[in-house]
Every structure is written in structure tokens, then in C-alpha cells.
Amino acid sequence: MRSYESLVKHEGNSALFAAVEISIVSTLAGRPVHVHAEGVRGTGKTTIMRAAAGILPVIERIAGCEHNCRPWAPHCPSHRGAPPARLRDVGTEFVPMPFLEISHSARLGTVVGSIDLARVV
């Protein structure tokens, strides 16, 4: 995979580069902005997005947590409500920030989920 810095920026892809960079900066500021790129096939969208994954910062999580619980605000069933002493014993680790690539054929319900009407009523 090519590095983000080595990609060629030109008039046709400059908006995507700007969106990716804004997304990364906003994530560092604690207000993530997610990017959805679409356009003509073969214009470099996937290459730019995959390369951007290589410059994402690392995140701190509770060691081994598959939900990436932040040590100061655990949210998963395994760590939510756990005493601080237990969380300290488990420890923390730094891992690459998750980068999700969604299939171009994904449907809205697959991406954002669907409502279980039986549970709502």
C-alpha cells in the first residue's frame, strides 16, 4: 500500500484529501467526522482512504477489550460498572485506531442498523 504522503494531489481529488484530513483532525479533537466517498470508478477514492488509515493515531483502550473501551469511560458489558481497581489490574494498551471500509454494495440497514419493531412496540 502506498503511503498517504506519496499520493498525488490534483484538482480532481483535492476535496477528498481535505475531507480525510479534516476527519483526522476532528477525531484528534474528540469530535469525529466520518467520511463517505463516492464517485466515478478508478479515480483513487479507495487508494486515498486506505492510505489515510496508515496515518491515523493510536488509541488507548482497556487491554484486550474487543469493544475498545476507553479506560476513563468503559462502555462494554465486560467493563461498564467495573470497579476502578479491577480496571487498573487489567491495564491499558495502545492499538491502531479502527478503520472500517464498507462494501460499495452495502445497504442502509447494514451500515446503520435496523429497528426491531417488535421490541419498540
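In this text, residue positions in the sequence shown follow the working numbering: the first is 755, and each later residue adds one.
Glycine is no exception: its CB is placed at the ideal position from the N, C-alpha and C atoms.
Beta-carbon proximity check, residue i vs residue j, cutoff 8 Å
| i | j | result |
| --- | --- | --- |
| I816 | V844 | yes |
| R787 | I776 | According to the sequence as given, residue 787 is Val; it is not Arg. The answer is yes: Cβ separation under 8 Å. |
| S757 | G798 | no |
Exposed unless 16 or more other CB atoms sit within 10 angstroms - verdict on residue i
| i | result |
| --- | --- |
| I802 | buried |
| P828 | buried |
| V794 | exposed |
| A806 | buried |
| C819 | buried |
C-alpha distance - residue i paired with residue j, whole-angstrom precision
| i | j | result |
| --- | --- | --- |
| A791 | T846 | 33 Å |
Query raised in the report: Fully enclosed by the region 808-874, which alpha helix (DSSP H) runs are 4 residues long or longer?
Result: 838-844, 862-866 and 871-874
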